[in-house]
Every structure is written in C-alpha cells, then in structure tokens.
Amino acid sequence: MKKFNFRKVLDGLTASSPGGSSSGGSSSGGGIGAGSGSVHPGGTAGAAGTPRDEIQEILSSDYFQICKTVRHGFPYLPTALAFDPVQKILAVGTRTGAIRILGRPGVDCYCQHESGAAVLQLQFLINEGALVSASADDTLHLWNLRQKRPAILHSLKFNRERITYCHLPFQSKWLYVGTERGNTHIVNIESFILSGYVIMWNKAIELSTKTHPGPVVHLSDSPRDEGKLLIGYENGTVVLWDLRSKRADLRVYYDEAIHSVDWHHEGKQFMCSHSDGSLTLWNLKSPSRPFQITIPHGKIQRDGKKPESCKPILKVEYKTCKSSEPFIIFSGGLSYDKACRRPSLTIMHGKAITVLEMDHPIVDFLTLCETPYPNEFQEPYAVVVLLEKDLIVVDLTQSNFPIFENPYPIDIHESPVTCTEYFADCPPDLIPVLYSVGAKHKKQGYSNKEWPISGGAWNLGTQTYPEIIITGHADGSIKFWDASAITLQMLYKLKTSKVFEKQKLGEGKPTTEIVEEDPFAIQMMYWCPESRIFCVAGVSAYVIVYRFSKHEVNTEIVSLEVRLQYDVEDIITPEPEIIPPFPDASSQLPSLKSLSGSTNTVACEGTMKDSIPCLSVKTRPVRMPPGYQAELVIQLVWVDGEPPQQITSLAINSAYGLVAFGNCNGLAVVDFMQKTVLLSMGTIDLYGSSDPYQRQPRSPRKNKQFSAGLTELTDSPVSLELERCKSPTSDHVNGHCTSPTSQTCSSGKRLSSADVTKSNRRGPGRPPFRKAQSAACMEISLPVTTEENRENTFSRSRSSSVSSIDKESKEAITALYFMETFSRKNDSTVSPCLWVGTGLGMVLIISLNLPATEELRQTEPVMVSPSGTVLTLKGAVLTFSCLDCMGALIHSPYEVWRDPNSIDDSEKTRKRKLVMYSPSSSQEMGDHQFAVICSEKQAKVFSLPSQTCLYVHNITETSFLLRADVVTLCNSICLACFCANGHIMTMSLPSLRPMLDVNYLPVTDMRIARTFCFTNEGQALYLSSPTEIQRLTYSQEMCDNLQDMLGDLFTPVETPEAQNRGFLKGLFGGSGQTFDREELFGEASAGKASRSLAQHIPGSGGIEGMKGAAGGVIGDLARARLALDERGQRLGELDEKTASMMASAEAFSKHAHELMLKYKDKKWYQF
C-alpha cells in the first residue's frame, strides 16, 4: 500500500492559493508594477515568454525534509565534565541542558534534555555505552550511547529532595545520589528504580551534633573496601559509612567548608579541599585530627602562626604513581592579595608546584589515568580542563606540562562571529590550497603525544563533495573552515585589520571612528570560489578586495576614498529657511546599543570633518604572506561633519574586474583592476526619469548619530540612521551617469573621489524628491530571552505598503548581482549588467560597457550607466538569480584563477581566461532568460528581455524573510527562504511552486537572523549560540543517509584486567569478605522506596533503526535480537575469562607442587 505523504498536498495548492503562482502579469513603463495583478494560470506569457510546459521541473515535496545534522564549536555555558577511561570519550554538560559527547576527530555528538534544565553532573557507565546525567530540575537520566544519536532510556524525577552529588562505582549497577538535605539514596541503574536503602543524615552524624551538616558534596566508595562509603558534607564533616552494618565507621570534623574529597588508591588516606584555600590529608587510623594541613598558596607567617587563608580550592584530585611522587592537582586556592591573577590550575608533584594560568574561569577538570580501577596506582598522564570558553588538555608526562593541540573546532568564538557564509560543492582544489597556506601559521610548543580523547569510530560516508564555511569576526579576522562530510576543521585565518594602522590612544586628536569598539568587525563577505577573489565589508564603512597568491610579496596597499553622501544643499524646497542642514537620526530610530554598550556619539570637535575616512590605511610597504593579499581598500569618507553609513550590500565580479557596494545613501561601483571609482551615486539619481515616486524633502531636525558595533550581532546590517547622497564623481543628466570619472591611482597613493569641486555636484534637471524609508532599513521586533536580553533589545515594525514611504527617509541598496543579461526591454543580445535591489522593493539594472579587448581593459575606462529599467516587488529585495531558457541556473561570469605573484613569467604574462555565460540549449532557444527576484515579502520570476512577470508568489504577509538563496539540489534548482517567524520554505523554479514549509526555528535573537545561510545540496547553517554553529539539511536524501555519516560513540573494547594484588596484600590489605550490593540494596532486603520520593519516567529512545516500529512486534523482535547479541557477547567474554582463570589456576598448582618437592626433605633449620 502506498504511504500517504502530506507534503505532496503542497504541490497541488499553487493554483488555488492567493499567494500561488500567477501568469501573464504584463508590465508597462519599463516594468514598473509588473505582476501587480494576479492572472489565473493558463494565460500566455509575453512575446519572449516561453510556454511553461517546455520546462520540466524535477523537484517535488518528496525531495525535502528538515533535519539537524551536526553542531560544531564549544559547548555554550558549560557546567559539567565526565570521561570514560576505557572508551576514551568525553562528555560536557551545559547550563541550557545540552550534552556534547566528543571522541576522536569526527566523533562529535549533540543531545539535549527536553526540559532545558542545567546539567549538574555527568557519570559514564564505564565501558558500558551509557551515561547518567543529573539535571537542575532534580531528575536523573540514563542515556544510551550505543546508537549514533543518543536517547534517554530512563528518567527518575526526585520530588521532595534536591540532587547535589552522584557517584557510580566502577562495574557497579548501583548509583549513589546525595541530596541537599544531607541524605544519600541508591538507584538501580538497570531498572532506574530507587532502592529502599537510605543513609539519613541524622544517622550518619553523631547524635550529639546540634547542627545540620549541610548538603552532600561528595560520595565515593573506599578503594580498599567497596562496602565502605565516604560521605562529605558541606560544613566540614566527613563520614565513612559501613553499608553492611548500616552505621558510621568513623567521622572527621574540620572547621572549614568542604568542596571536594579524593582517596589515595590504597584506601588508607583521603584528601579534602576547603573554602579557606587549605588541603587536609586524613588518615583512617587517626580520624581525630588531620594528618597534614597545607595552604599551598598561603603566605607563611613569621611568628609561626597558621598561614593566611586563600581563595577556596574548588576541587582537588590526589593521584598516585608507581615510580614517582603522587600528583596533587587542584583549581583555585590563590592568595587574596593577587586580585588580578587569572584563574589557575595548580599541579603539585613532589616538592615542585606549577601554576597554570588560564584565559577563562575553570568550570571543572578531570585527571586522566591509565587504569579505571580505583585501588591501583593511578598513573595520571593528562588533565582535561573545562573552562568557560575553552577546553584544554595538559600533558602530565612532561615536566613543563605542555598542552595538547586541540583537534576540535572549539575556537569558532575566539572573536565573536559577526557573519557567516556557506559553500557546498565548491572546486575540489580549494581545500588543499587553503590548508597549505594556513598550515604555515600553526603554533609551536604543543605536546608531541597523540590527542588522548580518541574514542568512537568515524568514516567519510557517501557524501564526497567539498564544503567550506567562512566566518567573519568582530576583531576583523576571517576563518575558512573545511566542512566536508559533516566535520569542521580550520583551514586558514585572514586578519583584515592588518591593512590599517593601529589606533593610538591618547593622541588628543578628534576621532573619526564611527564605532568605539571593534572598528574592524566584518559586516559582509563575498567570495567567488572559482576565481578565488574575496571581498569584505567592515563596520567602519570600508571594502577590501583580496586576491589569492601562493607566494609572499612586499607591496604597498592601494586605497581609494569614495564620497557617498547626499548633498543637502541640492534639496529643492519652497521653504529653504526652515530646514536645518542635517536630517534627524533619533526621530526615526531608537538608539542602537550592542551588548558591550559601545554606542559612540560622534560630535564635531574643532573643524568639521569632511573627506576623512574612518580608519587609516598603511602607507608603507607591507609584507603579505601566502594566502589572501589585499588588492585594494575602498573607504567611505565623512561628508560635512556626517560620518559615512555602514555598507548594506556587496558584490564583486572577477571577469568584469568590478566591485559594487551600497548603503542607505546610494551605490558605488569601483574598477579594482584600474583602481578607479566608476560610479558613486545616490539611490534617487539611479532612477532618473523612471522614478515611480514623487519625492519631497521632509523637514529634518539636526541631531547626533548613533552607530552600534557588531560584536554580539545586535544590530541589523541595514538598521542604520539613513541618509541620501549625491555623487561628486559624475555628471548627471536625468539621473544617468554620462561621463564616469576614470582616475588612475598609483600604488600606495590614496585617491579621493571627492576631489571634484562642489560647484559640479549638482547635475541639471534633478527632480525634487521625497525621502523614502525602506522596510529593510527599519528595526526588527522579535521575542527576546531573559538571558540575552541586552543583546536583543531592538524593535522592528515592518510595513510593505508603498503608500507609507513618504513618512520615512531612506532607500537603502539591499542586494547587488553581476550578470550577463538583457539590460533593457526587448534587447536582442545579453550584455554585462549590475542588478540593484533597494529597500523599497525596487529593482534597477545598471549597464556595464566593458572595453572590447583584453589589452584595452587595462587602460580604457568602463562605462557605467543606469539602463532605465525598473521592476518592483513588495518589501526589500534580498536576492537575484538568472535562469536560461531551459530553466537551468546561469552562473555569473568569472576569471579562472592565476597567481598574481607567480615566479613563472609565462603565467604572469598569459592572458586572463574568462568563463562567460553560454546557454545550456541550442542557439535558437537561447534568446531569452528568466530573472528570479526575491524580496522579504514575495518572489517573482520575470521573462527577459520582455520583462513580463511570469510567476509571483506572496511568501508572507505577517512576517518577513531574513534570507533567501537560489540553490542547487539533485541536479535541479530551487528557491530556499528563511522567515523571521521561523519557517523554512522552498519553492520550485521557475514556477515558484511551494514544496516545503516547516516551522523550524523561531528567531529569538539577532544572531540567528544575521548568520542563517543556505547553500547547495540541501544544506544550511546558523549560529545557535555565541560559540556554536548548527548545521541542518532540508534534503530528504541527506536525511536518509545521515546515519551513515555520523560517528559511532561506542566501540567494543575489552575492559583492562585488574592487577594481581599479591598474596600478602590480599590477606592483610583489605576486607576479606566479598561485598554483594544486590543482596544489600535489592528489594528483598532493603524493601521498596517511598513512591512519593521519586517518580520513574520511561525514556523515548533505545534502539536506532526502529523509528516506525518502536511499539510493535518488529520493535520487540529488534529489542530481543539486540539483547540476545549483547548477552552472547557477554557470555563469550565470560568464557574467555573462565578459560584464563583455569589456565592461571593450573600454573599456580604446578608451581606449588614444584615448591613442595623442592623443600620436602629439608629440615626446619635448613631454610
């Protein structure tokens, strides 16, 4: 029977839904208002429109499914740490209820408690493939790690007591649970049922004690005798409880609060750490007072008094070695007089004391030892230290205690991430090339041993295409990551701040920066993987163009300055005397504040700032190592005391040699080959006579401007105080650029486009205008969480109504796209164009007239002029794409990469190799294209050159899109959208038929909005926390294959044999009787626990591969088969151990017989 799929219903809805596809919405007047009226399907397209049935769309709703794949980065807000010494896997719990399990590189698993309660403690069932977590909501959970996606098998919710500490002895199935009331409960791990055996606090302490001992802070069984349990109470009381006789064997008291306890492996001594920075060593034979008291970092008083107290020692571990002194490792305990000292870990080995200072506070640490048995010499070899924002492992086997090089991508947040880009199925040679230049910057001084967390198993799986993730950061750095096969490894780091002079503080000069903190923060990135051209826009209104080279070079950095600000003296108004010279910033927008509060009010000091960039580019020759090298720096300058506005859109094309960028004032186009500004024009001037709006200047009030940093992604890239500008670089006739300046620039010199005199700023025929506010330039209103409230304090009211534009001030450039297409209506041939989208939903096409030959390209100017074509959509334009007549994606032209600094003369002199557009079908069918344009409200497909709107889909009325991309999937293409209400949607192309609409991720903070991006092959990512990248797929095929790509957390490993203790040690060293916990804690002897004390909750997870049949016969069979396999495996292990014991017994018998024969006839005095 065929399975009914609800998603298929979406395929048939397009004809009937009001926002579905519509046909034949013809345009007039250069395309203005195209598609404004919906015509029922079946109408014919325009003259150049192709009949729809010619294009066979492959994709349907069956191809799509949303699924999280993997999470990368450092666990956000960590709280707990655990290690399995046999499986060699590490678990980290967090304040948000997440658990990350790490093994060898590639083995990285993320799981989440449904309650979201903080993880208090983690305990592995060593070599059993299971993990116990204790949460802040007083619930214990048992996780099954024998599947690729761990699931909860059992939960136990405590109702009347709060959990404070847990302990699970090695190879035991009984878990000790200490509570805030001072009681100790015992839980059966297999059934997750509470035992009737309880150690009450009033029975554990002496009857004469009048005060409560406080919560249980430590539990551990004696290495010498498993029947003895050591219980540490917060107030300084420690009790050794005899589990068999149900009474206290001994009690010790200390007048300082206890933070942690650890045994000596022989079980005769234990060490406690205290709140006064002291360590006490106790001997079981003399419990009345400590055997030894030390304050490791306390100053010794001259008069012989007790050393002064220090900060609390939060945790101590006491680990013995067979061939050397024991290790005493602890966190905290520093002297109070060293207030500025960083958090530290102290390692005491013999008389040597080593203090390792950390960059962040220590959350927890664990000593990794050679043996899992607590009664053997521990032989520590490493310490795992979990910090608030890092994870380090220290090598104890070397005297200088070096750290291991961390193979995990946990330094994503080294500087806060401000933007991301994701490229799947990119050229395969890129990853090795980027790695080769990045490997030269590796740090030295790491331990030469292998990374000790080496558990689990991972293979490449079936996914083989290369993937690269690029992250931009607040300090101006950019990181390239290899993201192939759902792993993440850093390839290369680029520091963009190196092109600028360092800002010297205290010079007394007026600042030109528009942000106080993080002036180099990356705001936008644009990368062409084929040509390896890379371009970034920074928060301080600059653009840097980079070329890739394998060779080091010493050169001066070429810089240009662009004046992109509306000239207020050109405003035509009947009442000029009442208009102040500057518009009002704060009347329209609330002040923006970043998490760090870096709001900078720019005031004019002394002379008015004019034609000054925000940052200073280095003028001396700069050494540029192999990798990305700065080709050109373009900076926007201050104009008449007003700072430049931040850049809102960016595009570059290597074939044309052009870079374009825009902000809320206008558009700039720069020739990065000739180092020339071609166009610097206000948005209004781009329309010319095609301006659809009657614009009148509104009466502004002079005020100060606020600019916010990007450090914690608090601001929208277009949420700015918005201003218009008029271009000083061009003469304007009806808004067209008729004579773009072609100014040459020698290396190392700054060339300003503001050199043209102010008398030439205004061209003839400029129409009066009304300032228009883009919906994209308003503020966003999203729900906020209390934890990150400051980060998300912004409000955004969106209005897509074009009728309300006269109330606001600006129209930002929100999208740019270089393409070979038809620039004007009914053109017969394609030509180079720049598509420009604005915040008002207007689409303008700029014609690019390039020199005919390669030789002339280096000398002749590129002519840039608005074509007059204007198309419209609702809401700010987000993305463009172009399809050929068969519906295949047309890639933008590009230049094949060549090394600009090659030693080979033939490569230097060879001509540029350009890959231009060529139709996928025959010439007679290649006479038209489809333009796909998506705004924050709707998507439209136009036929070119007729500019007829063939399809329109109203995506959302109540919300708005944050991201939209045209991506490839299964050798076809689709439009992928992410909406602010959390919906992820895909639409077919060119018909815009909805195929997927899932309410996946509510946008609770600006970080998600700023970092969400789609890529090819059905993949996407976003920053789920300040330290973590979450990857997901919307491809059904990848969801089906995901199990094969994930790593195995559990691998069959034999538990190491316990060391032979020796005859005398066995006779005199410990308890003679064996300890049967089952007999003591089982229901037969201990009875049942009170039902009101704890509630058992069966888990949802167990055996993978039983998605559909978890409750049926197939599920039962699968469970039985798994149980049978595990039972068979254990029986096999038992057989091997039995055979080994028999062989050992025979050998012992043989040796005993030989010994008897040897001494049989000897007299007593001959021995």
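Using our numbering, count along the sequence shown one by one with no gaps and you end on 1198. Beta carbons are placed, not taken as given, at the ideal position from N, Cα and C, and that holds for glycine. Since we're looking at a predicted model, the values are computed, not measured.
Excluding five sequence positions before and after L345, the CB atoms of its chain that fall closer than 6 Å to its own CB belong to H290, S362, G363, given in chain order. Here the segment 267-279 lies against the segment 234-245, with 3 or more beta-carbon pairs under 8 Å apart. One Cα belongs to S203, the other to L156, and the distance between them is close to 8 Å. Here L112 is buried. Its C-beta has 16 or more other C-beta atoms within 10 Å.
Residue burial annotation: D252 is buried, with at least 16 other C-beta atoms found within 10 angstroms of its C-beta. As DSSP reads the structure, F301 sits in a beta bridge with W294, W313. Under the three-state reduction of DSSP, P109 is assigned to strand. Assigned with DSSP and collapsed to three states, H1182 falls in helix. The Cβ atoms of F105 and K420 sit closer than 8 Å to each other. G227 is a Cβ neighbour of A1120, given a cutoff of 8 Å. Counting only the Cα atoms, E673 lies some 34 Å from R654. Contact annotation, V874 with L914: C-beta distance approximately 16 Å; criterion of less than 8 Å not satisfied. Secondary structure of K524 (DSSP, three-state): strand. For K346, the enclosing beta strand (DSSP E) covers residues 344-350. Per DSSP, the continuous alpha helix (DSSP H) segment holding K234 begins and ends at 232-235. Shown here, V530 sits in a helix according to DSSP, grouped into three states.
Take the alpha-carbon of G213 and the one of F201: they are about 24 Å apart.
Nearest Cα to V347 within the set N932, D395, P254, S366: D395. At a Cβ-Cβ threshold of 8 Å, L591 and K706 count as neighbours. With a contact defined as Cβ atoms closer than 8 Å, K968 and C980 miss out at about 15 Å. In this structure S562 is in contact with V927, their Cβ atoms being roughly 7 Å apart against a cut-off of 8 Å. Judged by DSSP secondary structure, S186 falls within the beta strand (DSSP E) whose first and last residues are 182-189. Distance check between Y196 and each of L225, A165, Y659 places A165 closest, using alpha-carbon atoms only. In terms of Cα proximity to E547, the closest of S571, L461, G503 is S571. Per DSSP, Q660 is one residue of the beta strand (DSSP E) stretching across 658-667.
Closest by C-alpha distance to I441, out of D456, D426, L422, E1185, is L422. Bridge pairing for T987: absent [DSSP].
L376 carries a strand assignment under DSSP once its states are collapsed to helix, strand and coil.
Beta-bridge partners of H216 (DSSP): V208, V229.
The way I'd put it, the segment 117-132 doesn't touch the segment 465-475; fewer than three beta-carbon pairs between them come closer than 8 Å. With a cut-off of 8 Å on Cβ pairs, the segment 1015-1030 is in contact with the segment 983-993, counting three or more such pairs. S923 sits close to F849, with the two beta carbons spaced by under 8 Å. Straight through space, the alpha carbons of A1125 and E192 are spaced by roughly 9 Å.
N1012 sits in coil when the DSSP states are folded into three classes, being neither helix nor strand. For M894, DSSP records a beta bridge to N880. Here Y466 carries a helix assignment [DSSP, helix/strand/coil].
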